[in-house]
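Taking the numbering used here, the leading residue of the sequence shown gets 36, the next gets one more, and so forth.
Beta carbons are placed, not taken as given, at the ideal position from N, Cα and C, and that holds for glycine.
All values reported here derive from a predicted model rather than from experimental measurement.
Here is the structure we will look at.
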Amino acid sequence: MRENPAQPPPGAALCRVSEIADPGAKGFVFRQGEKLFMGFLVRQGAEVFGYIDRCPHAGLPLATFGDRFLTREGDLILCSSHGALFRPRDGLCIGGPCAGRALWPWRVKVEGEVVVAG
Ligand code: FES
Numbered sequence: 036m037r038e039n040p041a042q043p044p045p046g047a048a049l050c051r052v053s054e055i056a057d058p059g060a061k062g063f064v065f066r067q068g069e070k071l072f073m074g075f076l077v078r079q080g081a082e083v084f085g086y087i088d089r090c091p092h093a094g095l096p097l098a099t100f101g102d103r104f105l106t107r108e109g110d111l112i113l114c115s116s117h118g119a120l121f122r123p124r125d126g127l128c129i130g131g132p133c134a135g136r137a138l139w140p141w142r143v144k145v146e147g148e149v150v151v152a153g
């Protein structure tokens with residue numbers, strides 16, 4: 036069962052893969068009543084990875100501006116608050132104040148051209 040009722044249910048379409056830059060990321064906010072669910076998708080080629088938009092350091096959203104979840108090079112996820120760096124594939128923090136911890140995964144999958152909640 037989903038802990039947060041605002042989280043899209045399994046099978047819910049989120050976006051087309053082509054709507055995410057390659058490499059790139061796209062943030063989402065869903066609301067149900069007073070509950071919010073914030074997540075983001077990271078694309079690397081045909082693969083898409085999903086994470087909860089909450090940094091394991093201080094619990095803040097990672098991007099403070101639009102869909103800028105990645106470093107300038109597009110190879111790592113960057114928390115804009117204090118500079119933590121995370122691997123796109125598994126969310127592990129490899130630098131910054133929460134090194135060794137990881138982002139919380141948001142289960143998603145690619146079905147054809149569409150990213151759906153897993
Ligand atoms: S809240 Fe992300 S590095 Fe501090």
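Where A81 is concerned, there is no enclosing beta strand (DSSP E), because DSSP gives it neither an H nor an E.
When the alpha-carbon of P43 is set against those of A137, F72, D57, the nearest one is in F72. Put simply, the backbone Cα of L113 is about 10 Å away from that of G131. DSSP places G62 inside the beta strand (DSSP E), whose first and last residues are 59 to 67.
Rounded to the nearest angstrom, the gap between the Cα atoms of A48 and F75 is 14 Å.
Non-local C-beta neighbours of G94 in its own chain, meaning closer than 6 Å and more than five positions away in sequence, are absent. Counting only residues whose CB is nearer than 5 Å to a non-hydrogen atom of ligand 1, the list in chain order is C90, H92, A93, L95, C114, S116, H117, A119. A distance of 8 Å or more separates the beta carbons of S116 and C133. From the listed residues T106, G101, G153, L97, the smallest Cα separation to L138 is found for L97. Closest in alpha carbon position to E108, among A60, E54, P45, G46, is A60. When the five nearest sequence neighbours on each side are left out, the beta carbons in the same chain lying within less than 6 Å of the beta carbon of C50 are those of V150, in order along the chain. Taking a C-beta distance under 8 Å as the contact criterion, V52 and V77 do not qualify as a contact pair.
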